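Structure first, commentary second.
Chains as they are written, first to last, in the numbering used here: chain A, 1 to 173; chain B, 1001 to 1704.
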């Protein structure tokens, strides 16, 4: 997504401070030298004193547009930003969105949620489950070609064989 | 690979382990890849939560993957590294047969292998107490009354047995005491009057023949092994067999219809060694009357005689493989003129760590008083006996075994041996166990061992090919190694002969050439190679000729090989620069083939510096165009430490025989001198000539 163009000697330091991951294909150029801007890209020219602000800007860019999902629990209706969901699961034809301490009954079909969150790093791992990549703590390959996912709330999910390819693609493997 | 083909079980386990490790490896790789991608993805998402316990988990998984490999390595290390149970020399008291069974069981468990030794049947004594009965035929050709010659005395100047240690007599098959010549061949011991101071060699005549029964099924067979003679006694030592013969009845229904065959020997007693060692002591001063008879159960290991004390070492294997083994039966026992004494368990000592496969018994016999002292040791026996004037050393091998040898098929389960040295002090017929020492490798023969000034010196060879290591050890009186000289000789070379003379050791190693080493042992704790000589061929026997020369007998030919008999004299007056003073080579190519028993039996060699001769049996076999010919004789060289060797004669016994056929069955095996006369002994004749001209026969007697 990003490309950092600074002098070689400062490259690592600035990259660390920006908490930046560079990718081969990118949309944004980050540079402290306006000569290095690329015409067909979005260019952010900064000086080193503005790194903190640039970091926040990057957070915003990555987070993108906030998408809120509405659901209900025993305390009533909640409107939650999508990134806070660990996963969405279908149980008895009802869709639940799982948060760290509670789960919401959501009146939207799972495929609709998937479509809604397709740019939000959610990935389908089975017919009934859509998981937030950002909430995965650890991946254990099982001997039966499935993957066990340990989530940050210590729950376990399983990536079914049929969804393995897409899952790996989502991790850019 | 051959090993795996021979052991499909192990190959399968190995395959499973490899498969598991590969699978685990792939899983670890996959896990690392997935989680690294997840981490990168989350960083792209600007979520910076480190993966929990990633390293711990990978470490755990790696351990799991490697655990079987480690397990296999550990098992293989234990299984394939030889374990030895080495004798510590410490003594363990034994009180009963059960103690021995316990020792055996513990030893087998420690070795992790069922390594049994095989024994043969022993017999209990059934003799009657009293004066010994001569159960052999005595033929008196001459009697004391026949003439005056027999009353005349012999000469004091005669050749004795070529002993290793001065004062320690070795048993031999031909002896002389200056008057008589005692010969032993097959089942006969014959006494021939050979020389008197009055009539010289003219008296040569057969005096007495003892014929022992060697017929199967005759009840008792005696095979003489050797003799000792001194001023008082003629001692004959032999094996006594008791073959059980039974009528053989064919099974009913056989074609022959149950006819009775003459007889057969009960297979139980089919073995090479005897069940008894018998010692017959004849009184020389009473016309060779049988005076005492000693009988010992077990198998003969060795003997020596010092003055009037006879020492005998025997070995009784205990067949533990037989579940109903009765150890009582194998306990050492002896009888003196029929009076039986059996060792008790309290008499037996076990050397901690040794293989409890047999009873080794050291007997000290005082021939004057018939007093017998015995020391019985439970443990490995030995194969090389060295006896000094103070101690008996019995040297044997301790093998290393692969503990899983019963489950793993290996080509060479024994890959290294150590030598255990058992020391038994001797003093005027008394024997007492002193200790056990341990060195690497194996000893070649009795000349590999020597005791000097309280130190024991021993040479050993271990390993084969590139791994060969020749060592010289010096041990103190407690058999603790105080010095070691290693890697003697060139790569691949093995020790072929050793001779210790005072402060020096002379050593021959061989593979292609013969390095002759002079090793200075003046400081027993710091032996140093002082001189070295490299020549073709090799000596299998070394004998000092005075202080400055060493006689070497072995193999060598004229083209630098070993296809011939070679007799050399090394000049060792300058220890740092030994050189060949003179040598004689009998190239096989000139004879067809030739052989001298001296290359392996030092007692067949006659060396006398005072008479200036060496004499040795020499047999040639020719398969030339004119057909097969065989010549057996005694080769005699004059030896002079200024001029070297000069040929004296080749004394054969059949050359002048009218009966041409006899040429093929005359075997000349010994030579002796009395005064200036030279006696050659064959299975058929004793012939006498002069030392000056050995080939001209003066007189001859027929021994048959």
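Even for Gly, the Cβ is constructed at its ideal location relative to N, Cα and C. Every value quoted in this text rests on a predicted model; they were computed, and no experiment measured them.
{"Asked": "For the beta strand (DSSP E) holding residue 1241 of chain B, just list the boundary residues, first then last.", "Found": "1233-1241"}
{"Asked": "Examine chain E for any beta-carbon lying closer than 8 angstroms to the beta-carbon of residue 1033 of chain B, and answer yes or no.", "Found": "Any reference to chain E falls outside this structure, whose protein chains are A and B."}
{"Asked": "Report the three-state DSSP secondary structure of residue 1602 of chain B (helix, strand or coil).", "Found": "helix"}
{"Asked": "What residues from the segment 1038-1049 of chain B come within 8 angstroms of chain A, judged by C-beta to C-beta, listed N to C?", "Found": "1038, 1040, 1041, 1042, 1043, 1044, 1045, 1046, 1047, 1048 and 1049"}
{"Asked": "What's the C-alpha gap between residue 159 of chain A and residue 152 of chain A?", "Found": "16 angstroms"}
{"Asked": "Looking at chain B, is there any beta carbon in it that lies within less than 8 angstroms of the beta carbon of residue 173 of chain A?", "Found": "yes"}
{"Asked": "Let me know the beta strand (DSSP E) ranges lying completely inside the segment 64-111 of chain A, each 3 residues or longer, listed in chain order.", "Found": "68-73, 76-81, 87-91, 94-98 and 103-106"}
{"Asked": "Listed from N- to C-terminal order along the chain, which residues in the segment 15-28 of chain A have their beta-carbon within a distance smaller than 9 angstroms of any beta-carbon of chain B?", "Found": "19, 20, 21 and 23"}
{"Asked": "Measuring straight from C-alpha to C-alpha, what distance separates residue 1483 of chain B and residue 1617 of chain B?", "Found": "39 angstroms"}
{"Asked": "Residue 1027 of chain B CB to nearest chain A CB: under 8 angstroms?", "Found": "yes"}
{"Asked": "Whole-angstrom Cβ separation of residue 3 of chain A and residue 30 of chain A, contact assumed at under 8 angstroms?", "Found": "7 angstroms"}
{"Asked": "At a cut of 8 angstroms, does the segment 1063-1077 of chain B reach the segment 158-173 of chain A through at least three beta carbon pairs?", "Found": "no"}
{"Asked": "Run through DSSP, which three-state label would residue 1274 of chain B get?", "Found": "Its pLDDT being 44, under 50, residue 1274 of chain B is placed unreliably by the model, and the measurement read from it follows with that caveat. If DSSP states are grouped into helix, strand and coil, residue 1274 of chain B belongs with coil."}
{"Asked": "What are the start and end residues of the alpha helix (DSSP H) that includes residue 1022 of chain B?", "Found": "1008-1044"}
{"Asked": "Apply the 10 Å Cβ neighbour rule to residue 1381 of chain B and answer buried if 16 or more other Cβ atoms are within range, or exposed otherwise.", "Found": "buried"}
{"Asked": "Closer than 8 angstroms by beta-carbon distance: list the chain A residues that pair up with residue 1030 of chain B, in chain order.", "Found": "141"}
{"Asked": "Just to confirm, is the Cβ distance from residue 1435 of chain B to residue 1373 of chain B under 8 angstroms?", "Found": "no"}
{"Asked": "Against chain B, with Cβ distances strictly below 8 angstroms, would residue 62 of chain A count as a contact?", "Found": "yes"}
{"Asked": "Could you check what DSSP says for residue 138 of chain A in three-state terms: helix, strand or coil?", "Found": "strand"}
{"Asked": "Can you find at least 3 beta carbon pairs, one from the segment 1015-1034 of chain B and one from the segment 31-46 of chain A, that sit closer than 8 angstroms?", "Found": "no"}
{"Asked": "Tell me whether residue 63 of chain A is buried or exposed, calling it buried when 16 or more other Cβ atoms sit within 10 Å of its Cβ.", "Found": "exposed"}
{"Asked": "Give me, in chain order, the residues of the same chain whose beta-carbon lies closer than 6 angstroms to that of residue 1595 of chain B; leave out the 5 immediate sequence neighbours on both sides.", "Found": "1619"}
{"Asked": "Please decide whether residue 133 of chain A counts as near chain B, where near means a Cβ-Cβ distance under 8 angstroms.", "Found": "yes"}
{"Asked": "Could you tell me the boundaries of the beta strand (DSSP E) in which residue 4 of chain A lies?", "Found": "2-5"}
{"Asked": "On the three-pair Cβ rule with 8 angstroms, is the segment 1627-1634 of chain B touching the segment 1565-1576 of chain B?", "Found": "no"}
{"Asked": "Let me confirm a value: residue 1071 of chain B is counted as buried when at least 16 other C-beta atoms fall within 10 Å, else exposed. Which label applies?", "Found": "exposed"}
{"Asked": "Does chain B have any CB closer than 8 angstroms to the CB of residue 87 of chain A?", "Found": "no"}
{"Asked": "Under 7 angstroms Cβ-Cβ, which residues of chain B neighbour residue 174 of chain A?", "Found": "Nothing can be reported for residue 174 of chain A: it is not among the residues displayed for chain A, which extend from 1 to 173."}
{"Asked": "Mind listing which residues of the segment 102-130 of chain A have their C-beta closer than 9 angstroms to chain B's C-betas, in chain order?", "Found": "121"}
{"Asked": "For residue 1279 of chain B, which of helix, strand or coil comes out of DSSP?", "Found": "strand"}
{"Asked": "If you measure beta-carbon to beta-carbon, which residues of the segment 29-58 of chain A are closer than 8 angstroms to chain B?", "Found": "58"}
{"Asked": "Sort A/143, A/138, A/156 and A/150 by Cα distance to residue 1037 of chain B and report the nearest one.", "Found": "A/138"}
{"Asked": "On a CA-only basis, which of B/1515, B/1508, B/1464 and B/1474 is nearest residue 1492 of chain B? Give me that one, please.", "Found": "B/1464"}
{"Asked": "What would DSSP say about residue 20 of chain A, mapped onto helix, strand or coil?", "Found": "coil"}
{"Asked": "State the DSSP-derived secondary structure class of residue 1429 of chain B, mapped to helix, strand or coil.", "Found": "coil"}
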